[in-house]
Amino acid sequence: MNDMRLTERATDMKEIKITAEGVDVFYGDAHAIKDVSVEIEDKTVTAFIGPSGCGKSTFLRCLNRMNDTIDIARIEGDILIDGEDIYHPKVDPVQLRAKVGMVFQKPNPFPKSIYDNIAYGPRIHGLAKTKADLDDIVERALRRGALWDEVKDRLQEPGTGLSGGQQQRLCIARAVATEPEVLLMDEPCSALDPIATAQVEELIDELRQNYSVVIVTHSMQQAARVSQKTAFFHLGILVEYGETGEIFTTPKDSRTESYITGRIG
Amino acid sequence: MIDMSADGSAPAPAKNSLHAADERTRRRNAAEKRFRAYGVAAIVTGLLALVFLVYAILSNGLPAFQRTVVNIEFTMTQEQFDEAESALLKTRVYTDFFIGALTDSLETRGLDAEFDGGTVERLLGKVGGTLRSHYRENPGDIGQAISFELPASSRVDRYFKGTFTRESVGEGNRFMQPGDLDLVDALAEAGVIIQTFNWQFITGVDTGVDNPGGAGIGASVLGSFMMMIVVLVLSLPIGVAASIYLEEFAPKNWFTDLIEVNISNLAAVPSIVFGILGLAVFIQFMHLPQSAPLVGGLVLTLMTLPTIIISTRASLKSVPPSIRDAALAVGASKMQSVFHHVLPLAMPGILTGTIIGLAQALGETAPLLLIGMVGFVARYPETFLEGFEGPNSAMPAQIYNWASRSDAVFTEKAWGGIIILLIFLLSMNIIAILLRRKFERRW
Ligand SMILES: Nc1ncnc2c1ncn2[C@@H]1O[C@H](COP(=O)(O)OP(=O)(O)O)[C@@H](O)[C@H]1O
Ligand SMILES: [Mg+2]
Chain A
1 MNDMRLTERA TDMKEIKITA EGVDVFYGDA HAIKDVSVEI EDKTVTAFIG PSGCGKSTFL
61 RCLNRMNDTI DIARIEGDIL IDGEDIYHPK VDPVQLRAKV GMVFQKPNPF PKSIYDNIAY
121 GPRIHGLAKT KADLDDIVER ALRRGALWDE VKDRLQEPGT GLSGGQQQRL CIARAVATEP
181 EVLLMDEPCS ALDPIATAQV EELIDELRQN YSVVIVTHSM QQAARVSQKT AFFHLGILVE
241 YGETGEIFTT PKDSRTESYI TGRIG
Chain B
1001 MIDMSADGSA PAPAKNSLHA ADERTRRRNA AEKRFRAYGV AAIVTGLLAL VFLVYAILSN
1061 GLPAFQRTVV NIEFTMTQEQ FDEAESALLK TRVYTDFFIG ALTDSLETRG LDAEFDGGTV
1121 ERLLGKVGGT LRSHYRENPG DIGQAISFEL PASSRVDRYF KGTFTRESVG EGNRFMQPGD
1181 LDLVDALAEA GVIIQTFNWQ FITGVDTGVD NPGGAGIGAS VLGSFMMMIV VLVLSLPIGV
1241 AASIYLEEFA PKNWFTDLIE VNISNLAAVP SIVFGILGLA VFIQFMHLPQ SAPLVGGLVL
1301 TLMTLPTIII STRASLKSVP PSIRDAALAV GASKMQSVFH HVLPLAMPGI LTGTIIGLAQ
1361 ALGETAPLLL IGMVGFVARY PETFLEGFEG PNSAMPAQIY NWASRSDAVF TEKAWGGIII
1421 LLIFLLSMNI IAILLRRKFE RRW
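First to last, the protein sequences are chains A and B. Just so you know, we're using my numbering here: the first sequence kicks off at 1 and counts up by one. Just so you know, we're using my numbering here: the second sequence kicks off at 1001 and counts up by one.
In structure tokens form, the structure reads like this:
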């Protein structure tokens, strides 16, 4: 995990999962994302870093159309997942979001039991035919969320009663329960203590086996620890995108260099 | 401040003892004490006003729950019945039998009293008629010893409650003569005249001005209840649906802003405006029956809707947006996120708002005056449907009606009605609190 020999990481090309081309996002008149083009790989952890307010969350929320819920948000350009335009009029955002899961900055479990938190997604998508199926799904999701051993004896207790780190892992488990292909995480550790952060980071590393993970973080150390690819945003512009090792050791852009050496942000 | 202590060259501030408060602190503490005193004074004033109110209501209203009755055992034989029924002045004969029985029962207790039909009528009202209708309706009681509780006249009742004194009896008073009160005292001594709980006040219907003692609030309680059913059935679903739409689905533009402003304005519109609107629309235009709880309920629904919408929207707003995001992010539709997650969390607030709105509507009088729900209601509706469309009154309107009659007993009934109304309002508020406790969940 704390492997800092960044340059020696595997750099073999993976399949492209998400393609963004010339994406602009406006909040009313404010231009939050300016002409961003990026290709995000499958089975890879991609980190979005940059000073706060640079548009990382905004861009992330474009990937599962959560920005649709903001009235004043307007998006231009194309975003393709597996080659399909997700802003095509025929696309139902509800279907999209089952395929692109999301974990938020602040853990936000439903005020229901742990079991119901996980089972909610599979239920509304009809993933389980029987109660036993559902039990299976819940167990599998909690195991993937590295939470099973801690909660298996108290599945009926409220999810809101867990500790912050456990809640966040519950939210990750909830997101993977619907069998998504992409997992978006918006600063998932910023509300957690260092131990919980380490647990979640370890989990993210494991999730890479099955998903394309995109994580927004303001911590460069975290980006260095968990990601294979890093994108550096500044004032709504994608300044630099590449192998995490290269970005951190030999940044091409002076702004990236200033940021990672602590001069901006 | 911080760098001063670190830097030796800066002038050291004068050392102050922590044990002696400095001037600023003293002034601040004094201001705080003053503010607390104001607060306590305000609360004490409020409490005093409340105590006075409760005292006034209870002392004036509680007598309405008591009534003075003449408790007497009476046997009517078949011959007496036949004799009375064949007489010309039937009730007169009944009265004579009653006088006989009363005299007998007094004599067995060692009391010698003189009275005639006039006295009995002054003390008890038209006893003959009461007896006659009882035996005609229950012929099986003939020949049996029946214990009657006959309500005493309003002046006798008030004599026992202290609002009618011997001084009030003037010579030539048609309703009461000086000797009557001696007789009343004797009867009370003998245990013939007693005070009992006035069930008739709770279950009874309104009576004419000649029988204030018999007036009850039951029918208007039913009228109020029917109106509340109409209000609840209409305003809860409409109000909640409107709020959910406005809060969760409607686009934010000048049109929805306009609607929003108008809903807030409607909540402040005087209720009599809704009353005249109801008169014009429901009665004159739609020709719904006058004085009907259905129409009253419709008018009160209009009045309650803004309250429900405002409180429902407030409780929807207070559900953290992160819950909506969480639901949307696992692929719930907007509607699923609202109905599965937001609405259950907003439920306690919605229910509380609804009950508060209902309580307001329950106490509303002005609109009812305009749609004619202040009439004289002398009977219960016969069917459930008639309860909605038949003429009826409502508690506050009945209270208003009684308060405007001249007999002091009606005034007492008005106060008693206030107590019943307050009991209803209090119970509704308690239900609201209990529901909120039950549904309240933490997140
Ligand atoms: N809901 C919103 N309405 C209006 N402006 C927004 C909204 N969300 C974000 N912004 C603006 O968009 C810009 C980018 O924000 P954000 O994506 O949250 O940045 P980051 O996540 O990198 O800190 C900021 O200037 C912010 O003020
Ligand atoms: Mg952000």
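Glycine residues also receive a C-beta, built at the ideal position from the N, C-alpha and C atoms.
Interface with chain B (8 Å Cβ-Cβ cutoff): A:Lys90 is excluded. Not one heavy atom of ligand 1 sits closer than 7 Å to the Cβ of A:Ala231.
Between ligand 1 and the CB of A:Tyr27, the shortest heavy atom gap is smaller than 7 Å.
The beta-carbon of A:Pro111 is placed less than 8 Å from the nearest beta-carbon of chain B. If you draw a straight line from the Cα of A:Asp42 to the Cα of A:Ser212, it is about 5 Å long.
B:Arg1436 sits in a helix when the DSSP states are folded into three classes.
A Cβ-Cβ separation of about 5 Å places A:Arg174 in contact with A:Asn117 under the 8 Å criterion.
Interface residue (Cβ-Cβ distance to chain A less than 8 Å): B:Ala1326 is classified as such. Counting C-beta atoms within 10 angstroms of its own C-beta, B:Leu1426 has fewer than 16 neighbours from the protein chains shown and is therefore classed as exposed. The three-state secondary structure of A:Met185, taken from DSSP, is strand. Considered as a whole, the segment 87–115 of chain A harbours 100–103 as its complete beta strand (DSSP E) runs of no fewer than 3 residues, in chain order.
In chain order, the residues positioned with their C-beta nearer than 5 Å to some heavy atom of ligand 1 are A:Tyr27, A:Ala32, A:Ser52, A:Gly53, A:Cys54, A:Gly55, A:Lys56, A:Ser57, A:Thr58 and A:Ile70.
Per DSSP, the continuous alpha helix (DSSP H) segment holding B:Arg1036 begins and ends at Glu1023 to Gly1061. For the segment 1327–1352 of chain B, the set of residues with a beta-carbon nearer than 7 Å to any beta-carbon of chain A comprises Leu1328, Ala1329, Val1330, Gly1331, Ala1332, Ser1333, Gln1336, His1341 and Leu1345, in chain order.
Not a single C-beta of chain B is nearer than 8 Å to the C-beta of A:Met220.
In this structure, the alpha-carbon of B:Gly1039 lies about 12 Å from that of B:Leu1047.
When secondary structure is reduced to three states using DSSP, B:Thr1383 falls in the coil class, being assigned neither helix nor strand.
When C-beta atoms of the segment 173–192 of chain A are compared with those of the segment 1324–1331 of chain B, three or more pairs fall below 8 Å, so the two segments count as touching. With 16 or more other Cβ atoms from the protein chains shown falling within 10 Å of its own Cβ, B:Leu1345 counts as buried.
A:Ser212 is bridged by DSSP to A:Val182.
Remark: C-beta atoms of A:Thr178 and B:Val1330 approach each other more closely than 8 Å. For the pair A:Val25 and A:Cys62, the CB atoms are nearer than the 8 Å cut-off. When Cβ pairs closer than 8 Å are counted between the two stretches, the segment 131–144 of chain A is seen not to touch the segment 213–220 of chain A, the count staying below three.
Interface flag for A:His234 against chain B is unset, since no Cβ pair is found closer than 8 Å.
The three-state secondary structure of B:Ile1193, taken from DSSP, is strand. Per DSSP, reduced to three states, the secondary structure at A:Arg74 is strand. Neighbours of B:Pro1251 in chain A, taken as residues at a C-beta separation under 8 Å, are given in chain order as Asp71. In the three-state reduction of the DSSP assignment, B:Ile1355 falls in the helix class, which pools H, G and I. A residue is called buried once 16 or more other Cβ atoms fall within 10 Å of its Cβ, and B:Val1044, having fewer, is exposed. A:Gly242 carries a strand assignment under DSSP once its states are collapsed to helix, strand and coil.
The distance from the Cβ of B:Gly1297 to that of B:Ile1371 is about 10 Å, inconsistent with a contact at the 8 Å cut-off. At least one heavy atom of ligand 2 lies closer than 7 Å to the C-beta of A:Val216. Chain order gives the chain A residues near B:Ile1323 as Asn108 and Phe110, where near means a beta carbon separation below 7 Å. A:Thr244 is positioned such that its CB atom lies closer than 8 Å to that of A:Ala47. Assignment of B:Thr1203 by DSSP, reduced to helix, strand and coil, places it in the helix class. Scanning B:Ala1064, B:Lys1252, B:Asn1071 and B:Val1269 for the CA closest to the CA of B:Pro1212 turns up B:Ala1064.
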